[in-house]
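Here the structure is laid out as C-alpha cells; the discussion comes afterwards.
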Amino acid sequence: MDAADIQYTVQETQYQLHAKEIAHSLDLSRYDGVVCISGDGILVEVVNGLLLRKDWDLAIKVPLGIVLAGTGNGMVKSLLDSVGDCCSVSNAVLAIIRGHKCALDVATVLQGETRFFSVLMLAWGLIADIDIESEKYRWMGSSRLDFYGLVRVLHLRKYNGRIFFVPAPGYEEYGNPCDQEIECSGFETQVEDQEDTVKVKEHCYQGPKFFKEELEWRTIGGPFVSVWLHNVPWGSEDTMAAPNAKFSDGYLDLIIMKDCPKSSLLALISKLNDGSHVKSPYVLYLKVKAFILEPGHRVEDPSKGGIIDSDGEVLARGEGTYKCELRDPMAYGPMQITVDQGLATLFCPR
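Residues 725 to 1074 in our numbering are what the sequence shown lists, from first letter to last.
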C-alpha cells in the first residue's frame, strides 16, 4: 500500500461484532474504500454494519476489499479464482491497489422482525453440522473439518423439514408445484433482540421488495441430508461449493442432498475441492430467486433439532444440538431468504 502511495488508517477489532460497530459509525466521506484483513467473518460484519446506517443506500456502495487472514477465505478465493489468480495475500492486495470494482448480491435472511444480511452462504444439515460442531476439535487445525466430516458421514443424520423456492429461469422442473398458499407461521416468531442481527427499523435497509403471493413457488419435502445456499463459488480456499455461482446474477445457488449411501457420500465430499460433487445423482443443484426453509427435527432422534449456519456463524439451533444453551439471533424455525442483485460493491482483480 505504501509503495502505491495509498493513504490508509488501521482499526484493529477488539471483540466480536466490533467491525459491525465500526462500519455503522465510520465517516465514509474520508475514504475511497474499506478493506477487511481477515477471513469472511469481518466482511460479513462490515456489510451488516453498513446496512444499519441511515445512509445505507450510499454506504453499501463504498467498495469493500478483502485480504485473506483467516480460516475461511471463500470470498477472496472466489474473486481471485474468477480471473485465474492463485489465492494469496499479494494477489488480494494487488486487486485492491488496481481499484477495479464489481457488484455483489446480498441476501436477506428474515424471521419475524429480525434480519441478517449474508454475502456467502447459508447451510442446514450435514454442512452446517460439520462447520459448527467441528469447533470442539479446533486444536487439530484445518484438519478438524476433514476429521469431523468423516465422523458425521459415519454417523449420518437426516432431518425432517420442507423447503420452498422460486426457481430461476431454466430450473422450473425442480421440486413440485405448491398447492397451498405460502405461509410460514414462524415468520411471526418474536426473537429477543440480539446484537448480530437487525431489528427492522425504518431508517435502515429492509431487504428487497418481496411479495410471496406473486411468485411461482416450488417445494421439496424431507428428509434431507443437507441443504446449502451459496452466493459465490467458493465456501473456503479448498471448497468449491457452487461452481456456477455468480457475484451479481441476482440468484442464489441451491445444493440439496437427500438420500445418499454413506460410501457415495464419502466420495461426494471428496469432490468438493473442484465442484464436481454437483454432478452426482444424489445432488440437486439449481438457482433460486427466493427461498423458505422450514427446518425440522432429526429423523433418528425427534427430540433433537439441527443447526442453521450463515456465513460461518450460527443463526439458529434446535434443542439437543451443540451448545444449544447459547442465545442465538433467530429461533430454530421457518425463515425466508431473498437476494438483492448487485447491492454491494467489491474491489476485484479486473
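Don't be surprised by glycine CBs; every beta carbon is placed ideally from N, CA and C. As the structure is a prediction and not an experimental result, all values here were calculated from the model.
Runs of beta strand (DSSP E) lying entirely within the region 834 to 895, each at least 3 residues, in chain order: Within the region 834 to 895, the runs of beta strand (DSSP E) that reach at least 3 residues and sit entirely inside it are, in chain order, 838 to 842, 845 to 849, 883 to 891.
For residue 819, report the span of its alpha helix (DSSP H) as first-last. Where residue 819 is concerned, the enclosing alpha helix (DSSP H) stretches over 813 to 822.
Between 833, 820, 783, which lies nearest to residue 927 when the distance is taken from Cα to Cα? That would be 783, whose Cα lies nearest to the Cα of residue 927.
Going by other Cβ atoms of all chains shown within 10 Å of its Cβ, with 16 needed for buried, is residue 788 buried or exposed? Label assigned to residue 788: buried.
According to the Cβ coordinates, are residue 799 and residue 767 closer than 8 Å? Cβ atoms of residue 799 and residue 767: closer than 8 Å.
Hey, residue 828 and residue 1069: beta-carbon distance below 8 Å or not? Their beta carbons are under 8 Å apart, which means residue 828 touches residue 1069 by this criterion.
Name the one or two DSSP bridge partners that residue 702 has. For the chain, the structure presents residues 725 to 1074; residue 702 sits outside this window and is missing.
Same chain, Cβ closer than 6 Å to residue 834, neighbours up to 5 away in sequence not counted: Non-local C-beta neighbours of residue 834 in its own chain, meaning closer than 6 Å and more than five positions away in sequence, comprise 1060, ordered along the chain.
Tell me whether residue 949 is buried or exposed, calling it buried when 16 or more other Cβ atoms sit within 10 Å of its Cβ. Flag for residue 949 reads buried.
Assuming residue 802 and residue 952 form a contact by the criterion Cβ under 8 Å, report the distance between their Cβ atoms to the nearest whole angstrom. About 15 Å separates the CB atoms of residue 802 and residue 952; that is not less than 8 Å, and the two are not in contact.
With DSSP collapsed to three states, give me the class of residue 981. It is a strand residue.
Got a sec, what are the start and stop residues for the beta strand (DSSP E) residue 790 sits in? Taken as a continuous stretch (DSSP letters only), the beta strand (DSSP E) holding residue 790 covers 788 to 792.
DSSP three-state call for residue 1021: helix, strand or coil? Correct three-state label for residue 1021: strand.
Return the residue from the list 832, 734, 996 that minimises the CA-CA distance to residue 961. Nearest C-alpha to residue 961: 996.
Considering Cα atoms alone, identify which of 946, 882, 985, 1000 is closest to residue 1017. Out of 946, 882, 985, 1000, 946 has the C-alpha closest to the C-alpha of residue 1017.
Where do the ends of the alpha helix (DSSP H) carrying residue 742 lie? DSSP places residue 742 in the uninterrupted alpha helix (DSSP H) bounded by 742 to 749.
Looking only at its own chain, which residues have a Cβ that is under 8 Å from the Cβ of residue 760, when we skip the five neighbours before and after it? If we look at residue 760 and ignore the five residues flanking it on each side, its Cβ neighbours are 743, 766, 767, 770, 788, 789, 790, 791.
Could you have a look at residue 1070 and say whether DSSP puts it in helix, strand or coil? Here residue 1070 sits in strand by DSSP.
Measuring CB to CB, does residue 955 end up less than 8 Å from residue 1067? Remark: C-beta atoms of residue 955 and residue 1067 do not approach each other more closely than 8 Å.
By Cβ distance, which residues of its chain are closer than 8 Å to residue 778, with the 5 residues on each side in sequence left out? Within its own chain, the residues whose Cβ lies closer than 8 Å to the Cβ of residue 778, once the five positions on either side in sequence are excluded, are 927, 928, listed in chain order.
Please list the terminal residues of the continuous alpha helix (DSSP H) segment that includes residue 771. Judged by DSSP secondary structure, residue 771 falls within the alpha helix (DSSP H) whose first and last residues are 764 to 774.
For residue 1054, which three-state DSSP category applies? Note: residue 1054 maps to coil in three-state DSSP.
Residue 832 and residue 894 look like a contact to me (Cβ under 8 Å); what is the Cβ gap, rounded to whole Å? Rounded to the nearest angstrom, the Cβ distance from residue 832 to residue 894 is 24 Å, too far for a contact under 8 Å.
Can you give the Cα-Cα distance for residue 852 and residue 812, rounded to whole angstroms? Distance between the alpha carbons of residue 852 and residue 812: 26 Å.
Would the region 1005 to 1020 and the region 968 to 982 be scored as touching if the rule is three or more Cβ pairs under 8 Å? These segments touch.
Run through DSSP, which three-state label would residue 827 get? Secondary structure at residue 827: strand, using DSSP grouped into helix, strand and coil.
Would you call the CB atoms of residue 990 and residue 1001 closer than 8 Å? No, the Cβ-Cβ distance between residue 990 and residue 1001 is not below 8 Å.
May I ask you to list the residues that DSSP assigns as paired with residue 952? Bridge partners of residue 952: 847, 979.
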